[in-house]
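To start, the structure itself, in structure tokens.
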């Protein structure tokens, strides 16, 4: 449960859940540093963010430089999460992640929350976990929600979707003070339900492999929701789709339908996660 949080942090967390408790739809646009430029349509990054926020996304993740090319108007109703970690696919160790921004800088840019990437099991795990702990301390100081993006990745990791490893990733995020954790989906609703059933913070899952057909994306959403997840961090399957706005809208509608029990839900874990969203009193 969300307990012992400051008034300011609770306000920002409530703002993140823009519809008052629905499963989260976070759209990460932090890929260019790691993987190279995103192919933009007319209007560039601002137009892309506009399509996303106008069609139901709760939050967009950007690096500090990218957000300067987006109109502030885009974030009047949608939360801005500033990503603090970076690396490139060209590095000798692409699993290494480095802090390139800080909580105070993110606040100067108007962030509602910050995110940090950790690759559990990587050669530089020690530094990444240290960085997460330090950012968590600064988030406590400045009352800023923290999204920990933790993936099992490294020389000894043979299955990054192993339920035990994903559960460990969730535990690391929780113990170091994250408010929300993003992890891989483990592959089946029953296994995912076992992973998240004892989670003390909301668990959102990555968007999974690139899918070209809308029904395939929605089928993945339905399956993960049945596994008890608290939402999605859906990047490529939105911004690389033929119509990012339409894809965002259909996913957002699916999440709203789920909260209203429009999708068969054999597990109670999702409701438990939603109930963790902090109230402003009490």
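In the working numbering, the protein residues as written are 266 to 547. We treat Cβ as the ideally placed atom computed from N, Cα and C, and that holds for glycine.
- In the DSSP assignment, residue 299 falls within the alpha helix (DSSP H) that extends over 296–300.
- The beta carbon of residue 452 sits closer than 6 Å to those of 426, all from its chain and outside the five residues before and after it, given in chain order.
- Around the beta-carbon of residue 523, 16 or more other beta-carbon atoms lie within 10 Å, marking it buried.
- Contact annotation, residue 361 with residue 411: C-beta distance approximately 21 Å; criterion of less than 8 Å not satisfied.
- Contact check for residue 414 and residue 387: beta-carbon distance about 13 Å, past the 8 Å limit, so the pair fails to qualify.
- Distance from the Cα of residue 436 is smallest, within the candidate group 461, 418, 454, 456, for 461.
- Ranked by how close their Cα comes to the Cα of residue 515, the residues 305, 440, 290 have 290 in first place.
- Close CB contacts of residue 342 within its chain, under the 8 Å cut and outside five residues either way in sequence, are with 283, 318 (chain order).
- In this structure, residue 416 sits near residue 449, with a CB-CB distance shorter than 8 Å.
- Between residue 347 and residue 364 a beta carbon distance of about 12 Å is seen, past the 8 Å cut, so the two are scored as non-contacting.
- Between the alpha carbons of residue 421 and residue 370 lies a distance of about 35 Å.
- Counting along the chain, the unbroken beta strand (DSSP E) around residue 380 starts and ends at 378–385.
- In the DSSP secondary-structure assignment, residue 414 is bridged to 382, 447.
- When secondary structure is reduced to three states using DSSP, residue 494 falls in the coil class, being assigned neither helix nor strand.
- In this structure residue 447 is in contact with residue 469, their Cβ atoms being roughly 5 Å apart against a cut-off of 8 Å.
- Cβ neighbours of residue 510 within its own chain (closer than 6 Å, five residues either side excluded): 316, 320.
- The beta carbons of residue 428 and residue 456 sit closer together than 8 Å.
- In its chain, beyond the 5 residues on either side, 294, 303, 331, 334, 335 have a beta carbon closer than 8 Å to the beta carbon of residue 310.
- The continuous stretches of beta strand (DSSP E) do not include residue 422, and DSSP gives it neither H nor E.
- Here residue 393 is buried. Its C-beta has 16 or more other C-beta atoms within 10 Å.
- Taking each of 458, 504, 507 in turn and checking the Cα distance to residue 488, the smallest one comes out for 458.
- For residue 516, the enclosing alpha helix (DSSP H) stretches over residues 509–524.
- Bridge pairing for residue 327: 347 [DSSP].
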